[in-house]
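**Student:** Could you have a look at this structure, given as structure tokens, before my questions?
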Amino acid sequence: MTNSFLRPDSFSGLRSVLAYLALFTGIATFLPGNTYIASVLICLAILLGWGNLRMVGRIILLLIFILTFAGLMVDPAAVPKAAGNMSRIGALIITVMLLSAVLGQSDDLKRISRSLFAGKSLFRYVGMTSGTALLSVPLNFGSVGVVATMIGLQVKEQGDSPMARNAARAVVRGFAASPMASPLSISVVMTVTFLPGLSSWKLIALGLPFALLYLFAGALAREDEPPREELAIDAAGDESAMLSWLRFIGIIVLICLGAFALSVGGGLVYSQAVTLSCLAAVVIGLLYRRVHDGVVSMPSMAMANNELAIMGGSSFLGGIIGTIALSWLGMEFSLPVWAYPMVAMAVPWLFFIGGTVGVNPIISGTLSGSILGPIWPEYGLLGLGLGIIAGWGITIAGTPYSANALLLERCTGYDARTASYGWSLKFSLVMLVLCSLVCAVFTLPF
31 MTNSFLRPDS FSGLRSVLAY LALFTGIATF LPGNTYIASV LICLAILLGW GNLRMVGRII
91 LLLIFILTFA GLMVDPAAVP KAAGNMSRIG ALIITVMLLS AVLGQSDDLK RISRSLFAGK
151 SLFRYVGMTS GTALLSVPLN FGSVGVVATM IGLQVKEQGD SPMARNAARA VVRGFAASPM
211 ASPLSISVVM TVTFLPGLSS WKLIALGLPF ALLYLFAGAL AREDEPPREE LAIDAAGDES
271 AMLSWLRFIG IIVLICLGAF ALSVGGGLVY SQAVTLSCLA AVVIGLLYRR VHDGVVSMPS
331 MAMANNELAI MGGSSFLGGI IGTIALSWLG MEFSLPVWAY PMVAMAVPWL FFIGGTVGVN
391 PIISGTLSGS ILGPIWPEYG LLGLGLGIIA GWGITIAGTP YSANALLLER CTGYDARTAS
451 YGWSLKFSLV MLVLCSLVCA VFTLPF
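31 is the number of the first residue of the sequence shown in this note's numbering; add one for each residue after it.
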């Protein structure tokens with residue numbers, strides 16, 4: 031029994047069922063105690079997959095039990111808030127992974143990924159990094175897997191080259207733009223969860239220009255390519271690729287519009303609005319597969335326990351930590367006015383420094399949002415919010431322990447430390463300086 035429990039695939043069927051039950055319970059706001067039930071189901075799904083959990087996931091699961099007990103002793107009001115965070119973020123994680131699995135079956139993705147390799151050096155880089163950013167809106171780090179696999183094939187067939195290395199840079203940086211501006215990203219959802227006074231559209235309106243600057247400035251931080259490599263990959267099927275892009279962009283736009291309509295018009299919490307909008311797209315996609323292929327199968331969520339532990343568990347810990355910190359500091363606690371811009375400047379750097387030693391940005395975001403959020407003045411929330419989402423994005427592209435860096439290494443063979451530090455350290459530091467300055471400006475009292 032013990033050996034079975036420690037296997038990565040142990041209780042896979044039951045774990046998948048528990049994940050689906052947690053999803054439907056998390057969105058069933060009419061059900062009394064739904065947040066508690068969903069949180070328990072998520073914890074069970076995580077625990078039954080102990081053999082598949084990374085070390086950070088195991089630590090977070092243990093901290094959930096320890097801090098739940100501490101919260102009940104110190105401030106019982108912390109537990110309902112934490113359970114609400116975990117149920118909403120957990121439901122969102124499962125839905126986004128479902129959406130990624132459903133869209134990943136599309137033939138459009140193959141045509142889109144091939145089209146990213148066409149064109150001259152500069153345009154190929156810009157197209158690949160912006161294309162990856164678009165793909166990552168619904169696919170999350172699945173976008174890195176899709177495009178990096180194509181890069182890996184090029185490396186295998188033609189060997190290492192400046193073109194392949196630039197493509198790898200473009201993919202990682204493209205994915206990094208998603209946490210800065212995507213309405214469906216976990217970073218944006220968690221930020222507005224911990225900073226309830228900050229509206230999602232204001233955060234995205236500031237994050238989007240910075241994300242675009244990050245994407246296009248990256249073209250200045252790449253290698254020169256020999257002219258003979260500019261046509262290394264032929265642009266075949268331009269028309270079909272364009273149609274595929276239009277369909278894919280249309281899906282993203284509809285999901286985002288649905289999320290904003292449910293949030294603003296329907297009065298739902300932003301995380302719930304995103305979850306329901308993504309879930310509607312999943313249902314439509316499954317129905318299309320049923321009509322088109324004559325058969326449909328629900329994707330297994332058994333391997334989602336790491337994401338549920340790290341992201342969902344961190345949101346739970348954030349609820350506990352924030353409530354206890356506010357109780358300890360006192361409702362009247364505040365920093366001097368001049369200190370808030372200084373702290374806002376430090377937030378992106380704390381993300382990056384944490385990432386260099388293996389601290390997941392989700393944990394950094396949880397700690398900064400849950401501790402600073404309750405004591406932050408309303409006029410400066412935009413500066414803190416940008417520090418969280420931009421620091422999050424710069425960290426996952428500029429440090430070697432993020433999921434996308436490790437996935438790139440597995441798909442292409444490029445060492446994660448080389449890709450992060452050797453190719454992009456100067457670029458990351460420049461963007462951190464710019465981000466810090468912008469955060470400070472938006473934290474000033476005016």
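For every residue, glycine included, the Cβ atom is placed at its ideal position computed from N, Cα and C.
Nearest chain D C-beta to M158 closer than 8 Å, yes or no?
**Tutor:** Here chain D cannot be found, since the structure has a single protein chain.
**Student:** What is the DSSP secondary structure of T386, counted as helix, strand or coil?
**Tutor:** Your numbering for residue 386 matches position 356 in the sequence shown. Of the three classes helix, strand and coil, the one that applies to T386 here is helix, per DSSP.
**Student:** Jot down the residue ranges of each uninterrupted alpha helix (DSSP H) in the segment 207-284, minimum 4 residues, whole runs only, in chain order.
**Tutor:** Those alpha helix (DSSP H) runs which fall completely within the segment 207-284 and span 4+ residues are 216-224 and 230-247.
**Student:** Indicate whether the contact test is met: 3 or more Cβ pairs, each with one atom in the segment 452-460 and one in the segment 403-415, closer than 8 Å.
**Tutor:** The segment 452-460 is not in contact with the segment 403-415.
**Student:** Does DSSP put V468 in a helix, in a strand, or in coil?
**Tutor:** Here residue 468 refers to the residue found at position 438 when the sequence shown is read from its first residue. V468: helix per DSSP, three-state reduction.
**Student:** For N390, which residues in the same chain have their Cβ closer than 7 Å to its Cβ, ignoring the five residues on either side in sequence?
**Tutor:** What you label residue 390 is simply residue 360 of the sequence shown in a count that begins at 1. The residues are V86 and I340.
**Student:** Measuring alpha carbon to alpha carbon, tell me which of M372, N196 and L416 ends up nearest L225.
**Tutor:** Taking the sequence shown and counting its residues from 1, one reaches residue 225 at position 195. Minimum Cα distance to L225 is reached at L416.
**Student:** Count the other C-beta atoms from every protein chain shown that fall within 10 angstroms of the C-beta of S212, then say buried if there are 16 or more, exposed otherwise.
**Tutor:** Taking the sequence shown and counting its residues from 1, one reaches residue 212 at position 182. Its Cβ being crowded by 16 or more others within 10 Å, S212 is buried.
**Student:** Among residues of its own chain, excluding the 5 on either side of V167, which ones have a beta-carbon nearer than 7 Å to its beta-carbon?
**Tutor:** Numbered from 1 along the sequence shown, position 137 holds the residue referred to as residue 167. Closer than 7 Å at Cβ, skipping near neighbours: S208, S212, L214 and I282.
**Student:** As a quick exercise: from L122, M372, F476 and L459, pick the residue whose alpha carbon is nearest that of Y244.
**Tutor:** Along the sequence shown, one-based indexing puts residue 244 at 214. Nearest option by C-alpha distance: L459.
**Student:** Residues in its own chain within less than 6 Å of A112 by CB, not counting five upstream and five downstream?
**Tutor:** Along the sequence shown, read from residue 1 onward, the residue named residue 112 stands at position 82. Within the same chain, A112 has close Cβ partners F346, G349 and I350.
**Student:** Applying the criterion that 16 or more other CB atoms from any shown protein chain within 10 Å of the CB defines a buried residue, is R514 buried or exposed?
**Tutor:** The structure shown has nothing for residue 514, since the chain only spans 31 to 476.
**Student:** What's the gap between the Cα of A334 and the Cα of A68?
**Tutor:** Mapped onto the sequence shown, residue 334 falls at position 304. Mapped onto the sequence shown, residue 68 falls at position 38. For A334 and A68, the distance between alpha carbons rounds to 15 Å.
**Student:** Among A178, W422 and L122, which one has its Cα closest to the Cα of N196?
**Tutor:** As a first step, residue 196 must be located in the sequence shown, where it is residue number 166. Closest by alpha carbon: A178.
**Student:** I need the straight-line Cα distance from I76 to S130, nearest angstrom please.
**Tutor:** Against the sequence shown, residue 76 aligns to sequence position 46. Against the sequence shown, residue 130 aligns to sequence position 100. One C-alpha to the other measures close to 20 Å.
**Student:** What does the alpha-carbon distance come out to for the pair S46 and G288?
**Tutor:** One-based indexing of the sequence shown puts residue 46 at position 16. One-based indexing of the sequence shown puts residue 288 at position 258. Rounded to whole angstroms, S46 to G288 spans 27 Å at the Cα level.
**Student:** Classify S327 as buried or exposed, calling it buried when 16 or more other Cβ atoms lie within 10 Å of its own Cβ.
**Tutor:** Along the sequence shown, one-based indexing puts residue 327 at 297. Exposed, by the Cβ-count rule.
**Student:** Between the segment 149-160 and the segment 97-114, do three or more beta carbon pairs fall short of 8 Å?
**Tutor:** The segment 149-160, when compared against the segment 97-114, does not touch it at the 8 Å Cβ threshold.
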